[in-house]
Structure formats: structure tokens, C-alpha cells
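Numbering (our numbering), first residue to last: 1 to 312.
Built from N, CA and C at the ideal position, the CB exists for glycine as well.
To start, the structure under review is shown below, and the notes come after it.
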Amino acid sequence: MSLMKNVWVFSDKQDILAEICAGAHQLGERVTALLIGNQSTADEVIKAGADHVYLMGELDGSRMVEDFLPTIEKLVEDHKPELIIFGNTKRGKLMAGRLAAKRGTSVLADVIEFAEDGTCKRRVYGGAAISTIKSNAEVAIATVGSGVFGPQSLDESRQGTTEKVEFIPADSKIKCLERRAKGSVTVNLTAAKRVVAVGRGFAEKEDLKMAEELAELIGAEIACTRPIAEGLDWLPRERYVGVSGVMFKPDLYIALGISGQIQHMVGCNQSKTIIAINKDKAAPIFKQVDYGIVGDLYKVLPTLIEKLKAGK
Ligand SMILES: Cc1cc2nc3c(=O)[nH]c(=O)nc-3n(C[C@H](O)[C@H](O)[C@H](O)COP(=O)(O)OP(=O)(O)OC[C@H]3O[C@@H](n4cnc5c(N)ncnc54)[C@H](O)[C@@H]3O)c2cc1C
């Protein structure tokens, strides 16, 4: 693959920025990170894969992530990288869209693969089809989700350069008045090797304890389908898998009471091994798994847990 000379990356989330920095090396000779943070965050980003960091300042007072847009616009206009990748967080998407509008181009949204000929692939129709697209813009702008480049490790010995840049204040009509911590536990599902995922086959929130017990026994993270996190609100949104949630490639994915709709499966169908328990033998998930157990999870799970405990 002929590498691009300069690929830039931005994310308002440090873990996603690190992941994209490392992955961007598959695309560009030199990876530059646009960072909201301080010197110690810059050092971490360099260890993750950035060759150069533009340190744009910190999120303090009423300053919001989108207020960094004029600073980014100026840097992009001055240096014109071939590609700039935004992590597809809510803010990342917003920034990518506004930068693209400013530059008179469009965003290569939710890219899942960059090909050698400069084209990229993205899922369409809720994940049922793949479209191949290419940007002819002077500076191509893309958004990429967590998990696309896979988990990356830090290289403590990596060296890079940091350059402080002047923050250009935004002429924004919106000011941040207050910041309050969500209080929820943060989870990085993309780093998990084993995952136990729950779906609407569970009748009560209380019953998720069975899944948690299984997860603990095998050292797995808990994930879920969208209705469990959005609607039932039994688990935080960070834990739902699929086209609009987390996409990842764990070694083992155990789906409990999950029907296997495409919008969910695109998030996990790259897992090395998928096991499903579902009481409906016609459930679509059985066409997409390595091992399937047709049965009531309320009977199968306690037996499985008992056997695992006995084997310990
Ligand atoms: C634009 C769009 C985006 C979406 N994005 C996502 C996404 O990112 N992620 C996502 O997950 N969904 C997403 N969805 C929703 C998705 O289409 C499905 O509705 C959802 O994934 C279904 O969740 P589920 O499998 O938990 O529930 P259901 O489809 O209701 O399936 C429950 C399953 O449990 C089984 N079951 C019931 N009782 C038992 C039992 N006792 N023992 C064993 N099995 C049992 C049933 O047979 C059934 O197969 C999206 C939808 C749209 C329209």
C-alpha cells in the first residue's frame, strides 16, 4: 500500500485517540494528533503512535470541545494533511461535519476499512450492505469508530514531538455553564477478550445477575443489545453492541437471549468464537454462530454456571 505522507487524528476521548493514532500508521507515514489536553496526555498519545502532537489547550471553564474547531480549521488550512480522522463520538462527528462544511466537502462517515486504492468502506442500511466511497477533496475527512483498528498497546520507548498552538477562540453562541460527572463506571469493551452479552430474553433486570456470574467465572465483560441499554435502561449505553453502539472483535462472544438482528450482529460478528443460547431454534442468531444451544436460558445458564464452578 502506498502510504499517505500525513494523516491527522482527533478525538475528544483519550482512549479512542490512542487507538486511532496507532491504527493511522497503517495509512500514513507520519501521524499527527490534534490534542485537547496537556503535556502528559501528549506523552501518552505519542506512546500510542503519534509522531507529532499539536497541543491546542485544555477544556477549562466554559470552553467546549467544539470551541477548538477554529484552531483545527487554521491548522488544517496551513498544513493540508491528506487525511484527517475523527473518532466517531458525538463531538467527533459534529467537528468532522463542521470542518467538512467549512472546507466545502463531505465526511467519509463511519469508515470500517481503508483500502490501498484510497477508497474506504462503510456499512449502510443498518449494516445490511457495504458501500465503497472515495474522497476527492484536498483534505479528506473521515470518522472511524472504536474497534475498527483493534486494540493497540502503548510503546513506552516511542519518541515524538509536541508543539503548543495558539487557541483561536470560537465565535459560539453556546456556552457551557456547568459540568457534572455522570457517575457511571466507564467501560472499554473493545479491550475485552471475552464478552457475555444479554438481550431481551431476560425477563427481569434482577436476572442479569446470572449473566454477571457467568462473566465473572470466565473473566468476561458484560455487554448487551440496544433495547437493554436504551429503553429498558438496565445497563449503561457504553455496553451496547452494534451498528450504533460498540463494534469489536473479542476472542469469545456469548449471546444470551439475543435474537441476532443485523444491527446487533455487525458489532460482534468479527469475534473469533460466537456462542448463543436462545429458546427459539429459528432465531436468526443461530445462522451466525459457531456454537448454538437451543434452550431456555433460565435452565441452561444455571446448569452452565454450576458445571463451571464444579470444574474450578
Ligand atoms: C437504525 C437502528 C439501529 C439499531 N442499532 C442497534 C445496535 O447498535 N445494537 C443493537 O443491539 N440493536 C440495534 N437496533 C435494534 C435491533 O434491530 C434489534 O431490535 C435488537 O438488537 C434486538 O434486541 P434483542 O435481541 O435483545 O431482543 P429481541 O429481538 O426481542 O430478541 C430476544 C430473543 O430472546 C429470545 N428469548 C426470549 N426468552 C428467552 C429465554 N427464556 N431463553 C432463551 N432465549 C429467550 C427470543 O427467542 C428472542 O430471539 C437498531 C435498530 C435500528 C432500527
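Around the CB of Leu83, 16 or more other CB atoms lie within 10 Å, so the residue is classed as buried.
Within the DSSP secondary-structure output, Cys224 pairs in a beta bridge with Val198 and Tyr240. Nearest in C-alpha terms to Ser172, of all of His25, Asp67 and Leu297, is Asp67.
The beta carbons of Ile258 and Gly199 sit closer together than 8 angstroms. Excluding sequence positions up to five before and after Phe10, its CB lies within less than 6 angstroms of the CB of Leu34 and Phe86, all in the same chain and listed in chain order. Your pair Val196 and Leu256 checks out as a contact, with CB atoms roughly 7 angstroms apart and the cut at 8 angstroms.
In this structure, ligand 1 has no non-hydrogen atom nearer than 7 angstroms to the beta-carbon of Tyr253.
In this structure, Leu69 lies away from Glu29, with their beta-carbon atoms at least 8 angstroms apart. Cys120 sits in a strand when the DSSP states are folded into three classes.
Bounds of any beta strand (DSSP E) do not take in Ile258, whose DSSP letter is neither H nor E.
Annotated three-state conformation of Asp110 is strand, per DSSP. As summarised for the region 142–180, the continuous beta strand (DSSP E) elements at least 3 residues long and confined to that stretch are 161–164, given in chain order.
Restricting attention to Lys102, Pro227 and Gly49, the CA atom closest to the CA of Val7 is found in Gly49. With contacts defined by Cβ atoms closer than 8 angstroms, Gly126 and Ile46 do not form a contacting pair. Contact check for Asp12 against Arg91 passes: the beta carbons are separated by less than 8 angstroms. If you draw a 10 Å sphere on the C-beta of Val246, you find 16 or more other C-beta atoms in it, and that means buried. The DSSP-derived three-state label of Leu308 is helix. One thing to note: Lys74 has its Cβ no nearer than 8 angstroms to the Cβ of Val139. Beta-bridge analysis with DSSP links Leu252 to Arg194 and Thr273. The alpha carbon of Met95 has as its nearest neighbour, out of Glu113, Phe248 and Val76, the alpha carbon of Val76.
Around the CB of Asp51, 16 or more other CB atoms lie within 10 Å, so the residue is classed as buried. Contact annotation: Leu208 and Lys309 have beta-carbon atoms that are not nearer than 8 angstroms. For Gln288, the shortest C-beta to heavy atom distance toward ligand 1 is 7 angstroms or greater.
Cβ-Cβ separation between Lys279 and Gly295: approximately 6 angstroms, consistent with a contact (criterion under 8 angstroms).
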